[in-house]
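Taking it in order: structure first as structure tokens, then the write-up.
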RNA sequence: GGGCGGGUGGCGGAACCUGGUAGACGCGCUGGACUUAGGAUCCAGUGGUGAUGAGCCGUGCGGGUUCAAAUCCCGCCCCGCCCACCA
């Protein structure tokens, strides 16, 4: 084999790894375990190099940890339920199961062609009954403990997907999948009580010291804990009370109105007796019909309706008007607020809009506020004014005193409020886990008994995506008998959000084929927690929060011995690529289809159909923009190893990066040069170099000594870089070493003994270092020198400290901090002598210009600086 | 409005943690060699300004600390992302 033809060797090695079941692992108490996990993909199409960044990073780390001697669990599966598959199936007329099967097939071959070292014996598909039955089991366990419940509530509804969505699935008021504006619907739905775990989910964030700070901050904000007081307003002349929550009880004397969310069930009751009832109802309906943008944008003008009733201020007895206002949210707190325009910006804006009074009760120390003219609410602490017995106090103390008073008088009580809401898991779609309950006319909600699990998804069904829950249209599924009384009953026809599936799959990987239980706790406790988890930032509050929640629940069941699933988390950046939009044809063009011409030294890119210039933009790789680069293309053109190296070399893995077709050339040339170097020096290699090196290494000088120093610097650098996730600089170090290695080949004598031993050490070490990054070529080159099997089973090299020490050192000579010369002296050179030599440098003398040296600073082995005035 | 990143050659990025040779590595570009040919390979060069050498300038802007600042501190500008009527 003369030329480097990756396609020829890569298939061969992939086959060997597979035959030898190299990546298959089992529990081994004698070895330290390392559980590396990639976020598993949706099988909704094919994978592109942007997705592959995640898996390649994981493969480097897994292979590296294997070589370091760890028992590495590196599994992969498919998050196979869900809307993408269902929608694609509808679109192309497939059954989702078949569609998913096709995608999985394709994706599997893509993982394989890049040489990713998964233990495929542990593969999971969430759409398989032996997986989703445990979703149902988990649900029932939660139901038993009151953590799963069904309740009518205003929920997010995507009119396009015709299903409800969790709060975490609504992005900027739109459906995360299709971008349709989400509306609120009042529906009876299944929830999991995440709020019961709010405090623990918050507290335990402090343990996650190896998580990116921003993910922890996002979760903290999402949980949104705040301390305040909940108290009630009586309604004047009615037997109703309005509870409100506030974090600013110190401003309570400034209340000039009370406001209710338009959805608040109290609203109809309050207006029932008004003579203007009709008119008020219409007003409230208008508020309810506002679009999410009108409702939630801060710029939007606030709107409201006076409900024609008054509330009694519990401390002052004063009558204040009750309004319904669009800026009050039903989902947070009590769905009603005390409004203090002087000290809350939103209330102020509303008050100005409707000419409501503004009453100042806190003033800045030494300052004053004019309630008539103020346009900014005063929200800082200050001195209490017009606040009854609390006048004159500082506002933080007053807050405590007022809370005490309210608790004493039983008007209100201190309360901790969370922004986090319960997790809505019902979906009105087909392709998901059936929720395992039935509805009996006599017994009500009856959970499906454990021994009746799984509730199977009916296979034969026509899915249209329209007309409500698809399962409700399958009579043989819906109609059943009650497990309790034997009477007629109907099955729940909603399915679970796929986020349920993915909130515990990492546990199932530890024991994927268990037919008796969700998992064997012993196996889970061996492998878990996941030591390193890698995936996209988009899961910061959804999946990562749900997984923490389910883990804590299983801990409480006594099934597992840990409370946090993921010790280390790394979020990788997206891969961008040029996309070409033809404004005339109004379509995207594939990069390989556009016509590139050079005119006057400038490249002009035109549409292949209409010849007009195309608009070039940088976008995330995506099917719709036709700008994906597939593993197939890369493997066919350059080979998997080049593709892997390039995606790692492209930039820091946590940052977004741009795929450039010319950039791939670099890693390819690197591998080609390595190939040629090893090939043309095969005869230099001595297989017993390990035995011969110890007695020889102390005698080395010149090129041999330099090469060893560079080699072991590289070992050190690459090792540290992998540990720190600096894969880009790790690859750069390998390239740098190859450059030095080539110089060495030219300088050294190929027949000489020492040179051959040093060569052998270098080439052997280099390909070991290369293995996690480019495993195929590394294993191939290893075999050329008589290496047996794959390098993944070989030890990772260790840096030889002796080799790192240099004999000579370049010292920088500065005058007043500016570099004026560089001199080379032996390491540890006498400081006085160094000074003397430095002063003799012509350029240094020129800059000293006869002035007196007032100070000399020497940084050992680095620098000497003369300070003159 | 709040939070988090980031600003370094023609480009992607090193060096920032721990102040001490700015521009590693790669792409691109320029010149050369070998060639029927080169989009292969090899050699040389490549921050700006100097004919060359020396020098001078140079890490978004303005200050500061220091013998010495891309790096630390203060103030500002710009870009990106995320969150946001959460009472």
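In the working numbering, the protein residues as written are 2 to 870.
From the three backbone atoms N, C-alpha and C, an ideal C-beta is built for every residue, glycine too.
Run through the stretch 795 to 869 for me and flag every whole alpha helix (DSSP H) of 4 or more residues, listed as ranges in chain order. 802 to 805, 832 to 841, 843 to 849
Between residue 73 and residue 723, is the Cβ-Cβ spacing less than 8 Å? Residue mapping note: residue 73 aligns to position 72 of the first chain, counting from 1. Residue mapping note: residue 723 aligns to position 722 of the first chain, counting from 1. Not closer than 8 Å, so no.
Residue 463 vs residue 478 beta-carbon contact at 8 Å: Counted from its first residue, the first chain places residue 463 at position 462. Counted from its first residue, the first chain places residue 478 at position 477. Taking 8 Å as the Cβ cut-off, residue 463 and residue 478 do not qualify as a contacting pair.
Which residues does DSSP pair with residue 180 in a beta bridge? Locating residue 180 in the first chain gives position 179, where the first residue counts as 1. Bridge partners of residue 180: none, in fact.
State buried or exposed for residue 749, treating a residue as buried only when at least 16 other CB atoms are found within 10 Å of its CB. Here residue 749 corresponds to residue number 748 of the first chain, with the count starting at 1. The residue is buried, with at least 16 neighbouring Cβ atoms inside 10 Å.
Member of 44, 125, 127, 83 whose CA lies at the smallest distance from the CA of residue 103: The residue you call residue 103 lines up with position 102 of the first chain. Selected option, being the one with the closest Cα: 44.
In the DSSP output, what is residue 38 paired with across the bridge? As a position in the first chain, residue 38 is number 37, starting the count at 1. Partner(s): 534.
Kindly indicate which residue of 500, 12, 381, 671 has the alpha-carbon position closest to the one of residue 540. As a first step, residue 540 must be located in the first chain, where it is residue number 539. Looking at the Cα atoms, 500 is the closest of the given residues.
I need the straight-line Cα distance from residue 202 to residue 741, nearest angstrom please. Position 201 of the first chain, counting from 1, holds the residue named residue 202. Position 740 of the first chain, counting from 1, holds the residue named residue 741. Their backbone Cα atoms lie some 52 Å apart in a straight line.
Would the beta-carbon of residue 849 fall within 8 Å of that of residue 816? As a position in the first chain, residue 849 is number 848, starting the count at 1. As a position in the first chain, residue 816 is number 815, starting the count at 1. Yes.
Cut-off 8 Å between Cβ atoms - residues of its own chain near residue 66, not counting five sequence neighbours on either side: Position 65 of the first chain holds residue 66. The residues are 35, 37, 73.
Shortest alpha-carbon distance to residue 631 belongs to which of 592, 608, 653? Numbered from its first residue, the first chain carries residue 631 at position 630. The option with the nearest alpha carbon to residue 631 is 592.
For residue 259, which three-state DSSP category applies? Position 258 of the first chain, counted from the first residue, corresponds to residue 259. Three-state result, residue 259: strand.
Whole angstroms is fine: what's the gap from residue 357's alpha carbon to residue 343's? Position 356 of the first chain, counting from 1, holds the residue named residue 357. Position 342 of the first chain, counting from 1, holds the residue named residue 343. Residue 357 and residue 343: Cα-Cα distance of roughly 11 Å.
Residue burial classification, residue 700 (beta-carbon count within 10 angstroms, cutoff 16): Within the first chain, residue 700 is the residue found at index 699, counting from 1. So residue 700 counts as exposed.
Short of 6 Å in beta carbon distance, which residues of its chain neighbour residue 22, apart from the five on each side in sequence? Order them along the chain. In the first chain, residue 22 corresponds to position 21, counting from 1. Nothing meets the Cβ criterion.
Could you tell me if residue 457 is buried or exposed, where buried requires 16 or more neighbouring beta carbons within 10 angstroms of its beta carbon? On the first chain, position 456 is the one that residue 457 refers to. So residue 457 ends up on the exposed side.
Kindly indicate which residue of 485, 409, 413, 431 has the alpha-carbon position closest to the one of residue 441. By 1-based counting over the first chain, the position of residue 441 is 440. Residue 485 is the option with its Cα nearest to residue 441.
If you run the structure through DSSP and keep just helix, strand and coil, what is residue 416? Within the first chain, numbered from 1, the residue matching residue 416 stands at position 415. In the structure shown, residue 416 sits in a strand (DSSP, three-state: E or B).
Does the contact criterion of 3 or more C-beta pairs under 8 Å hold for the stretch 388 to 403 versus the stretch 280 to 289? no
Runs of alpha helix (DSSP H) lying entirely within the stretch 541 to 624, each at least 4 residues, in chain order: 544 to 557
Candidates 860, 623, 579, of which the one nearest residue 606 by Cα: Numbered from its first residue, the first chain carries residue 606 at position 605. If we check each option's Cα against that of residue 606, 579 comes out closest.
Quick check on residue 359: buried or exposed, where buried means 16 or more other Cβ atoms within 10 Å of its Cβ? Start at 1 with the first residue of the first chain, and residue 359 comes out as number 358. Answer is buried; the Cβ neighbour count reaches 16.
Residue 536 versus residue 112 - alpha carbon distance: By one-based count along the first chain, residue 536 stands at place 535. By one-based count along the first chain, residue 112 stands at place 111. In this model, residue 536 and residue 112 are separated by some 16 Å (Cα to Cα).
For residue 340 versus residue 323, is the C-beta distance shorter than 8 Å? Along the first chain, one-based indexing puts residue 340 at 339. Along the first chain, one-based indexing puts residue 323 at 322. Going by C-beta atoms, residue 340 is not nearer than 8 Å to residue 323.
Pairwise C-alpha distance: residue 245 and residue 338: One-based indexing of the first chain puts residue 338 at position 337. One-based indexing of the first chain puts residue 245 at position 244. Their backbone Cα atoms lie some 5 Å apart in a straight line.
Less than 8 Å between the beta carbons of residue 133 and residue 566, yes or no? Numbered from 1 along the first chain, position 132 holds the residue referred to as residue 133. Numbered from 1 along the first chain, position 565 holds the residue referred to as residue 566. No, the pair does not count as a contact, with Cβ atoms beyond the cut-off.
Span of the beta strand (DSSP E) holding residue 309? Taking the first chain and counting its residues from 1, the one referred to as residue 309 is at position 308. Taken as a continuous stretch (DSSP letters only), the beta strand (DSSP E) holding residue 309 covers 305 to 313.
Kindly indicate which residue of 807, 801, 779 has the alpha-carbon position closest to the one of residue 795. Here residue 795 corresponds to residue number 794 of the first chain, with the count starting at 1. Nearest C-alpha to residue 795: 779.
Taking 6 Å as the limit between beta carbons, can you name the residues of its chain near residue 39, skipping five residues before and five after? Taking the first residue of the first chain as position 1, residue 39 is located at position 38. Within the same chain, residue 39 has close Cβ partners 55, 56, 59, 535.
Three-state class that DSSP yields for residue 445 in the structure shown: Within the first chain, the letter at position 444 stands for residue 445. DSSP places residue 445 in strand when its eight states are reduced to three.
Residue interval of the beta strand (DSSP E) (run including residue 152): Taking the first chain and counting its residues from 1, the one referred to as residue 152 is at position 151. In the DSSP assignment, residue 152 falls within the beta strand (DSSP E) that extends over 149 to 159.
Taking DSSP's pairing of strands, which residues face residue 185 in a bridge? Locating residue 185 in the first chain gives position 184, counting from the first residue. DSSP lists 157 as partners of residue 185.
DSSP puts residue 265 in a beta bridge; with which residues? Here residue 265 is taken as the residue at index 264 of the first chain, counted from 1. Residue 265 pairs with nothing; no bridge assigned.
Rank 717, 589, 685 by C-alpha distance to the C-alpha of residue 609 and give the top, closest one. Numbered from its first residue, the first chain carries residue 609 at position 608. The option with the nearest alpha carbon to residue 609 is 589.
Using C-beta distances below 8 Å, list every residue in its chain close to residue 542, excluding the 5 sequence neighbours before and after it, in chain order. Looking up residue 542 in the first chain gives position 541. So the list reads 169, 219, 220, 223, once near-sequence residues are dropped.
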